[in-house]
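A.B. asks: Read in order, the letters of the sequence shown are residues 1 to 513 in full-length UniProt numbering. For every residue, glycine included, the Cβ atom is placed at its ideal position computed from N, Cα and C.
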Amino acid sequence: MLTSNPEQLKIVPWLAEALPQISRRDSLTRLTYQLRAEATWDNGQPVLARDVAFTLRVMHCPGLPTEFARTQYGFVQEIELDSTDPKRFTLVCSSSSPDIVLASGDYSILPEYALDPSGALRDVPLALLRTDTTEAVRRHPALRTFAARYRQAQLSRHPDRLPGCGPYRLTSWESNRYMMLERKSGWWASRLQNQPPWLQAKPERLAYQIIPDNTTALLALRRGSLDLYPMPTARDFTALRASADTARLAFYTADSYDMLVAGFNTQRPMLRTAATRRALSLLFNIPDLMQATHQGLAYRSVSLINPHDRLAYQDSLPDLVFSLNEAKRQLRLAGWQLRPAGGWWNGNMGPLALHISYHAGAVEHETVALQFQAAAARIGVAVQLRPAEASLLQRQLVTGDMDMFVRKTSGNPFGYNFMPLLHTRGIGLVNYSRFSQPAADRLIEAITAEPDPQRHARLLKRFQVLLRRESPLVVLYFTRNRLITTRRMASVRMLSVRPGYDVLSLQLDSTKP
1 MLTSNPEQLK IVPWLAEALP QISRRDSLTR LTYQLRAEAT WDNGQPVLAR
51 DVAFTLRVMH CPGLPTEFAR TQYGFVQEIE LDSTDPKRFT LVCSSSSPDI
101 VLASGDYSIL PEYALDPSGA LRDVPLALLR TDTTEAVRRH PALRTFAARY
151 RQAQLSRHPD RLPGCGPYRL TSWESNRYMM LERKSGWWAS RLQNQPPWLQ
201 AKPERLAYQI IPDNTTALLA LRRGSLDLYP MPTARDFTAL RASADTARLA
251 FYTADSYDML VAGFNTQRPM LRTAATRRAL SLLFNIPDLM QATHQGLAYR
301 SVSLINPHDR LAYQDSLPDL VFSLNEAKRQ LRLAGWQLRP AGGWWNGNMG
351 PLALHISYHA GAVEHETVAL QFQAAAARIG VAVQLRPAEA SLLQRQLVTG
401 DMDMFVRKTS GNPFGYNFMP LLHTRGIGLV NYSRFSQPAA DRLIEAITAE
451 PDPQRHARLL KRFQVLLRRE SPLVVLYFTR NRLITTRRMA SVRMLSVRPG
501 YDVLSLQLDS TKP
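Rendered as structure tokens:
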């Protein structure tokens with residue numbers, strides 16, 4: 001319903017006619033939306049408020065893998081449909097934070113007519129689904145039937161079974177090879193009288209090629225069989241930018257909200273104390289890692305808050321300084337002792353030894369793991385590397401079957417919701433550090449609920465101090481988006497958010513070969 005305009009750092013309406021009207025009643029925030037009259041599904045049926053209600057029920061439907069959505073959008077307590085206007089509705093939200101405006105409309109709307117043609121879920125109260133799924137299923141057996149039918153549809157493998165309301169139609173695809181999109185001839189937004197830029201789809205066709213090998217991708221770019229290559233390795237980007245290829249290729253960068261983090265499983269006995277985690281955090285040589293992995297195309301941050309957010313960024317916190325001596329000193333303060341025979345012991349617990357999990361084949365992640373392993377070995381801590389393919393790594397992260405991990409995570413310039421990442425309710429979902437502390441939970445909830453921007457920023461600064469003290473994870477650095485295109489690309493707009501460039505504005509210059 002809403003989207004972002006990263007260039008102007010503001011939220012703009014997409015399916016919605018305008019930003020929602022905001023009113024408050026007691027501790028609840030009411031967001032009233034009006035969907036665009038022109039907005040239709042592929043078959044010409046209008047996008048209605050009941051499609052939004054259906055989407056919210058699907059998010060909370062038991063038996064579907066929607067745990068992240070439940071945590072991310074759980075602040076929506078109820079939806080009220082307007083009895084006089086099928087395109088008007090109100091979301092009743094438990095949060096008062098300004099961040100929820102974008103979050104309230106930052107998800108894909110599902111077509112009820114295609115997925116639930118009989119309207120079986122309409123009678124299921126959203127409030128009951130949110131609070132007591134067992135009772136919801138008992139009262140409404142249709143939930144179980146719907147979940148089974150939804151899983152059997154295998155929408156991820158059969159996208160043709162899921163109509164949309166966006167500008168492009170998927171015409172062909174092959175897993176791990178390519179995906180072809182074609183602009184719809186009668187897309188509803190093309191009928192808007194004053195069509196804003198974010199609702200203008202300029203490319204007639206988009207062809208995505210999946211090329212896992214970086215060398216092959218660069219060769220395709222040089223040959224002209226690729227027009228655009230996002231996020232090449234920093235080494236190749238820097239080398240090509242300094243070469244003669246600049247006559248045929250153009251290079252772009254933009255600061256992003258993607259960051260690389262190293263996390264500790266705070267429920268492991270050896271990592272349970274914050275003092276131990278703070279000591280181990282000093283074993284990351286962040287400046288050298290930034291140079292080795294990104295060659296200057298990255299920047300530091302003391303926390304999960306991007307330093308570009310000057311209001312909320314806690315600039316009083318110092319950067320972590322790589323120091324073997326200080327790491328040893330802090331281990332001793334945490335109760336560890338280095339025995340003459342070797343190894344750190346804390347009473348009967350020891351020797352201190354860890355394994356670190358990361359995505360196999362991710363050179364950046366492996367570089368971090370290797371550097372940490374080497375530094376740890378120098379002070380007598382054994383670290384075992386555990387690279388794992390994506391599905392196995394995800395299981396390890398969700399179940400807590402690891403001591404440490406290296407992974408990417410993303411923020412955005414429009415809001416902060418740490419519920420999935422660091423709240424107790426996020427354990428088993430996205431809270432991979434399994435961090436759980438009542439004071440942190442209360443602060444996260446306060447951040448989510450605070451409507452005043454100045455008080456909101458102060459809460460965020462307090463949260464950053466708490467994170468440094470507790471150290472469930474270490475933000476190593478934020479990355480810069482990198483993009484190489486052929487000179488045939490006539491208009492390229494870099495963005496700070498994924499995918500790092502504006503796809504809808506891309507155009508080819510027909511006068512260039």
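Among P20, C165 and P159, whose alpha-carbon lies nearest the alpha-carbon of S172?
C.D. replies: P159
A.B. asks: Roughly how many angstroms separate the alpha carbons of S491 and A207, rounded to a whole number?
C.D. replies: Distance between the alpha carbons of S491 and A207 is about 17 Å.
A.B. asks: Note down, in chain order, each residue of its chain lying with its Cβ closer than 8 Å to the Cβ of L459, except the 5 sequence neighbours on either side.
C.D. replies: L443, A446, I447 and E450
A.B. asks: Enumerate in chain order the residues of its own chain whose CB-to-CB distance from T238 is below 7 Å, with the five nearest sequence positions on each side excluded.
C.D. replies: Q295
A.B. asks: Do the segment 65-80 and the segment 109-128 meet, that is, are 3 or more Cβ pairs less than 8 Å apart?
C.D. replies: yes
A.B. asks: Could you pull out every unbroken alpha helix (DSSP H) segment of at least 4 residues lying fully inside the segment 59-134, listed in chain order?
C.D. replies: Runs of the alpha helix (DSSP H) inside the segment 59-134: 67-72, 100-103, 112-115 and 126-131.
A.B. asks: What is the DSSP secondary structure of K328, reduced to helix, strand or coil?
C.D. replies: helix
A.B. asks: Which of the three DSSP states, helix, strand or coil, is assigned to F478?
C.D. replies: Residue state, collapsed to three classes: strand.
A.B. asks: CB L354 to CB V383, shorter than 7 Å?
C.D. replies: yes
A.B. asks: Give, in chain order, every unbroken run of the beta strand (DSSP E) that is at least 3 residues long and sits entirely within the segment 436-470.
C.D. replies: none
A.B. asks: Let me check one thing: in DSSP terms, what residues is S496 bridge-paired to?
C.D. replies: Looking at the DSSP assignment, S496 forms no beta bridge with any residue, so it has no partner.
A.B. asks: In chain order, what are the residue ranges of uninterrupted beta strand (DSSP E) at least 3 long that sit wholly in the segment 171-217?
C.D. replies: 178-183 and 205-209
A.B. asks: So what does DSSP say about Y150, is it helix, strand or coil?
C.D. replies: helix
A.B. asks: According to DSSP, simplified to helix, strand and coil, what is M349?
C.D. replies: strand
A.B. asks: Compute the Euclidean distance between the alpha carbons of S303 and A279, then round it to the nearest angstrom.
C.D. replies: C-alpha separation (whole angstroms): 17 Å.
A.B. asks: By DSSP, does P46 sit in helix, in strand, or in coil?
C.D. replies: strand
A.B. asks: Determine the direct distance from the alpha carbon of S471 to that of A275, and round the result to whole angstroms.
C.D. replies: A275 and S471 have their C-alpha atoms spaced approximately 8 Å apart.
A.B. asks: So G63 packs on R144, CB below 8 Å; how close in whole Å?
C.D. replies: 6 Å
A.B. asks: Residue range of the alpha helix (DSSP H) that M290 falls in?
C.D. replies: I286 to H294
A.B. asks: Are at least three pairs of beta-carbons, each pair with one atom in the segment 315-334 and one in the segment 244-261, less than 8 Å apart?
C.D. replies: no
A.B. asks: Quick check: what's the CA-CA separation for S243 versus N481?
C.D. replies: 20 Å
A.B. asks: Quick one: what's got a C-beta closer than 6 Å to V90's C-beta in the same chain, skipping five residues either side?
C.D. replies: It is worth fixing the name first, because residue 90 is Thr in this sequence and not Val. The residues are R30, T32 and E80.
A.B. asks: What is the rounded straight-line gap between the Cα of A136 and the Cα of V47?
C.D. replies: The alpha-carbon of A136 is positioned some 27 Å away from that of V47.
A.B. asks: Kindly indicate which residue of D82, A153, R149 and D26 has the alpha-carbon position closest to the one of S96.
C.D. replies: Comparing Cα positions, the closest option is D26.
A.B. asks: If we call anything under 7 Å between Cβ atoms a contact, is Q454 one with Q314?
C.D. replies: no
A.B. asks: Following a CB-centred definition, is P159 positioned closer than 6 Å to any heavy atom of the ligand SAH?
C.D. replies: The ligand SAH is not among the ligands present in this structure, which contains no ligands whatsoever.
A.B. asks: Return the first residue and the last residue of the alpha helix (DSSP H) that F251 is part of.
C.D. replies: Note, F251: premise wrong, no alpha helix (DSSP H); beta strand (DSSP E) at L249 to F264.
A.B. asks: What does a CB cutoff of less than 8 Å around Y168 pick up in its chain, not counting 5 residues either side in sequence?
C.D. replies: Once the five neighbours on either side are set aside, the close Cβ partners of Y168 are L181, E182, R183, K184, A201 and L206.
A.B. asks: So is R157 buried or exposed if we call it buried at 16+ other beta carbons inside 10 Å?
C.D. replies: exposed
A.B. asks: Could you work out which residue in V58, Q267, L228 and M231 is closest to R151 when comparing CA atoms only?
C.D. replies: V58
A.B. asks: From what residue to what residue does the alpha helix (DSSP H) around T238 run?
C.D. replies: A234 to R241
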